[in-house]
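Following the working numbering, the residues of the sequence shown are numbered contiguously, the last one being 966.
We put the beta carbon where it would ideally sit given N, CA and C, even for glycine.
Take a look at the structure set out below.
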Amino acid sequence: MFNHRNPITFFLVFLAFLSRFRSPASALTSHSQCLHLLELKKGFLFSNATTTSLSSWLPATDCCAWEGLTCDQASGLVVSLELSDRGISGKIVPSLFNITSIQSLNLGYNSFDESPLLEIGNLANLTHLNLSNSGVVGQVPLGISHLKKLVSLDLSWSPPLQLRKLVGGLSNLKELYLNGVNVSANGSEWCGVISESTPKLEALSLVGCSLSGPIDSSLSKLRYLSRLRLDNNDLFLIFNCNLQGLFPKRVFQLKNLKYIDISRNDMLSGSLPEFPKDSTLESLLVSSTNFSGFLPDSLGNLKTLMELDLSACHFSGSIPLSFRNLSKLVSLNLSYNNFSGEIPLILGGKWISEILLSNNNLTGSIPQSFGQLNHLVTLDLQTNSLSGPIPMSLFTLPALQELQLRENKFFGQLEEFLNASSVLGVVDLGMNNLQAEVPKSMFDLLGLRSLTLSSNNFSGTIELDLFRNLQNLEYLDLSNNKLSVLDGAGDSSLLPSLAVLRMGSCNLTTIPAFLKHKNNTECVNLSNNRIGGTIPDWIWSIGDISMSYCYLNLSHNFFTGIEGPPSHIKMSIGFILDLRSNLLEGPIPLPPPNSFIVDYSNNRFTSSIPSNMSYYRTNSVFLSLSKNNLTGEVPLSICNATNLRVLDVSFNSLNGSLPGCLMESLTELLVLRARGNRFEGAIPQQISSRCALQKINLHGNKLEGRVPRSLANCNKLEFLDFGSNKLVDSFPYWLGNLPALKVLVLRENGFYGPFANTDGNCEGNIINLFDSSDYWDLVTVALKGVKRDLVNIITIFIAIDVSNNQFEGHLPEAIGDLTALISLNMSGNAFNGQIPQVFENLMELQSLDLSQNQLFGQIPNSLASLTFLSFLNLSDNNLVGRIPYGNQFSTFSRYSFEGNPGLCGQQLSKQCVTSSVEPSSDFSDTSTELDMEVVWTWLFTGLGFGLGLAFVIGFQMLFPRWKIW
């Protein structure tokens, strides 16, 4: 018998007695709960059995020791199951919901089947539930709304749900994360539901959730809110936030708010409020929204602010001086706004690590205080109007890794500096006005990975051997200075990490020898130098086979020959080759097999196009052979390059017919240029119904026949030039159905008749015109009596040239509405009638040519008011009466008026009789005017308006920024 007088013995016996009467829940922990968990594991599948198979989950072991599980020490019950991001798939079996003691359940970031979880309401003790991106929720179970103790809920990247049904009963909720969930609710609805149902909410994250605005002011009722995310994550564009309208300022002023992110909502507008002095805000992220206005001085009240991102908005004004009070600020991003004025001397405190102010209108110099920011990691001031010298102390900052000063107005010489930084990896000083020599201490920045000094006024010589210590340099751009780069020893130890080399306009006379040892270089640009001789065969080895592409630009040099790539060289997957504007002669070399962009233009190649070229270009998208001396026909095999987007064979001596497959089979072709050759025969007539062509230029050939009606299949066509051929057809009014057509050139052909269909009706606008559209092409226009080839950009310059065809009828008065017109050439046709009085409205007109028509009547005196008119040709008509005199008309010679026997005036040295010569009564006959007036009104309706619209119908176009080729 035991001694009941011994208290220790008595206590142990008492515990043993109690163990026979344990509570059911405790008994469940030791046996039943473990069995339920083992049953749960049976439904799991593991992507990596060695690391995620829950190997510790074994029968006859204590489940409280299993991975992912936490038990209450007092009761022994399972209170937490943490299985997130373990690569688990399979099913969630119902046995999970028998473990009713669980308080925290996290199954997020797995790939479970769409298990319905209908019994989740049994877990009444749950306080934390995370099913984000797990796949377990086919439809969000209503049982979640019965979990009254829930304080944290994360259902991110789950199927769509109804917000009110989800949170209607979760009054204790403090954290709600629904990122990427299609809530599809307007502002008053979702704001009202959240503010009413979850008044204790402290964290709300609705990233990319298809919400719509405007945001309701009820959101400001969440007085405990400390974290708010409403931003749209670009990585998940399928979920497109539609927040719009004005964002309530009061939300920014919530007393407990520490974090707010409403970025990436382009339609969300607003401005920053006055911030209270007791604000606890730590992160303010408003980037990529439609916010605007000035920054309030009260931003300086945010003493706890660590992160401020207002980038890509529409803020303006100066940066407040109160930024000096932001002593905790670590990251500042004000880039891509309209800020002006100078940069404050102090931006934040000594802990700031990131200052991003690029793409604004800032002026003045870089504050000298920036050279004392020892924790600064990134300084980006590019694309402003900053000036003055660059503080050399920036190159010695101990933590600075990235210095972006590109595209400003910095000037002066870069001085030598001591204690060069060992961590500075990126230096971009391009597009400034820096002068003199590059300091030698620049080559002591041993951590450099990228160095850009291009487009400055640096002078002197740089020996490539100076870069020998920069073993980590991957990107080097010295282009467009006044430098002379001298080749070095050329051994393999020079720049071993170099991937991109840009030395355009560096006065090179040879290809740098060290490139012979580079097979990891993906981009080499040696354009605009003085390199001659033969392009060596080793140049093709610069791109490693593992690279996705390699870019080689040797254009604008003096190369005369080219050695093809050796057969043993394995080249990169894609090759971009630019050899334009050299002196290359002989037959066209076959491009590298994997090339997808090849430009051989403006050389002296004299052969025909190789018939097997397409074998080397099966994946090519761009081929330019223009401005050579190529002969023969275009081989049909060129159409084997089925991915071709741009083909340019213009300005050669190619002949024969234009291969029909170019327009009939190449359904990916966007641009076809064959201008200035000797092609003859008909334009291909069977254009594919899947035509993708946007630009066609066949100007200056010997093409005959009619305009192919199948061009109507090219509904993306914007530019069409059939000028200076031998086409004979009526006006192709049906082109008016092409919705994108902006430029139509048909001059110097055999087009005839009126500008209408056979019924005299007009079918829509012949050309849809839009301002601010750029169309680069070579066009020919008769300007001021001289044919000129122009590189054009359509902006506000308008010209009409319908010369040298057989059009007839009266000059349309609708032209008088083209108030931005600068050049009008309608010569060499059969127009009759009088010069419209409304031409006086063309106040911008500089050139007017109506010669070689059948015009009659008097020259309107009002034309003398066109003060910009500098060229006039009215010769060879039937005009009569006195020539106006004064203003510009007094500067025109007789050549502007000769061939009109009825004209008189000082310009012709022919005195006019006292009574003016009046036109005969026949001149009032308008029998042929009706149709033409309707048609021209149709053509020119909507043009002019001073808005920069441009128009060429058939014939040519002229634009303001141009250069003569």
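Which of helix, strand or coil DSSP assigns to residue i
{"i": "R325", "result": "helix"}
{"i": "K517", "result": "helix"}
{"i": "F444", "result": "helix"}
{"i": "Q859", "result": "coil"}
{"i": "R895", "result": "helix"}
{"i": "Q908", "result": "helix"}
{"i": "E841", "result": "helix"}
{"i": "A466", "result": "Before going further, note that residue 466 is Asp rather than Ala in the sequence given. Helix, per DSSP."}
{"i": "G193", "result": "helix"}
{"i": "A204", "result": "strand"}
{"i": "R230", "result": "strand"}
{"i": "F890", "result": "helix"}
{"i": "D478", "result": "strand"}
{"i": "L247", "result": "strand"}
{"i": "A437", "result": "strand"}
{"i": "S804", "result": "coil"}
{"i": "N334", "result": "strand"}
{"i": "M307", "result": "coil"}
Residue i, enclosing alpha helix (DSSP H) - first and last residue
{"i": "C524", "result": "C524 -> not in any alpha helix (DSSP H); beta strand (DSSP E) instead, spanning 524-526."}
{"i": "L36", "result": "34-43"}
{"i": "G562", "result": "Segment 559-563 is the beta strand (DSSP E) holding G562; no alpha helix (DSSP H) there."}
{"i": "L663", "result": "662-665"}
{"i": "S372", "result": "The sequence given here has Gly at residue 372, not Ser. Segment: none, G372 is in no alpha helix (DSSP H) and carries neither H nor E."}
{"i": "R251", "result": "250-253"}
Residue i beta carbon near the ligand MG (any heavy atom closer than 6 Å)
{"i": "L624", "result": "The ligand MG is absent from the structure shown, which contains no ligand whatsoever."}
Residues near residue i in its chain [Cβ-Cβ closer than 6 Å; skip 5 each side]
{"i": "S54", "result": "F47"}
{"i": "S105", "result": "S81, H129"}
{"i": "N420", "result": "T397"}
{"i": "N826", "result": "A783, D802, S804, D850"}
{"i": "L502", "result": "L477, V525"}
{"i": "H518", "result": "S493"}
{"i": "E809", "result": "A831"}
{"i": "G706", "result": "A683"}
{"i": "L721", "result": "I697, L745"}
Residues of its chain near residue i, where Cβ-Cβ distance is below 7 Å and the 5 sequence neighbours each way are ignored
{"i": "L127", "result": "I103, Q104, L106, L148, K150, L151"}
{"i": "D926", "result": "Summary for D926: the model assigns pLDDT 36, below 50, so the residue's position carries little reliability, and this model does not support an answer."}
{"i": "F98", "result": "E120, I121, N123, L124"}
{"i": "Q853", "result": "S828, G829, D877"}
{"i": "S219", "result": "C192, G193, S196"}
{"i": "G887", "result": "A865"}
Cβ neighbours of residue i in the same chain (closer than 8 Å, five flanking residues each side left out)
{"i": "N653", "result": "L626, S627, K628, N629, N630, L631, T632, G677, N678"}
{"i": "F560", "result": "I532, G533, G534, T535, I536, L580, N583, L584, L585"}
{"i": "G170", "result": "S146, H147, K149, S198"}
{"i": "R21", "result": "Confidence is the limiting factor: at R21 the pLDDT is only 41, short of 50, which leaves the residue's position unreliable, though a coordinate-based value still follows. No residues qualify anywhere along the chain."}
{"i": "L411", "result": "Leu is not the amino acid found at residue 411; the sequence shown has Phe there. Within the same chain, F411 has close Cβ partners L387, S388, G389, P390, I391, L430, N433, N434, L435."}
{"i": "S33", "result": "N99"}
{"i": "I884", "result": "I860, F890, F898, L904, C905, G906, Q907, Q908, L909"}
{"i": "S312", "result": "S288, S289, N334, L335, S336, Y337, N338, L357"}
The beta strand (DSSP E) enclosing residue i, as first and last residue numbers
{"i": "I536", "result": "533-536"}
{"i": "F832", "result": "831-834"}
{"i": "C551", "result": "551-554"}
{"i": "I823", "result": "822-826"}
{"i": "S317", "result": "315-318"}
{"i": "L419", "result": "Premise fails: L419 is in no beta strand (DSSP E) and is neither H nor E."}
{"i": "Y260", "result": "260-262"}
{"i": "M504", "result": "Where M504 is concerned, there is no enclosing beta strand (DSSP E), given that its DSSP letter is neither H nor E."}
{"i": "E749", "result": "Note, E749: premise wrong, no beta strand (DSSP E); not H, not E."}
{"i": "L404", "result": "403-405"}
{"i": "L880", "result": "879-883"}
{"i": "M1047", "result": "Because the chain is modelled from 2 through 966, residue 1047 falls outside the range shown and cannot be assessed."}
I want to know whether the stretch 447-461 touches the stretch 486-493 - three or more CB-CB distances under 8 Å.
no
Give the list of continuous beta strand (DSSP E) stretches no shorter than 3 residues that lie fully inside the stretch 107-171.
129-131, 153-155
Quick one: which unbroken beta strand (DSSP E) runs of 3-plus residues sit fully inside the stretch 59-108? Chain order, please.
Counting only runs of 3+ residues, the beta strand (DSSP E) found wholly inside the stretch 59-108 occupies 70-72, 79-83, 89-91, 105-107, in chain order.
Entirely enclosed beta strand (DSSP E) segments - the stretch 667-697, minimum 3 residues
672-674, 681-683
What are the complete beta strand (DSSP E) segments, minimum 3 residues, inside the stretch 601-663?
Qualifying beta strand (DSSP E) stretches, in chain order: 623-625, 647-649.
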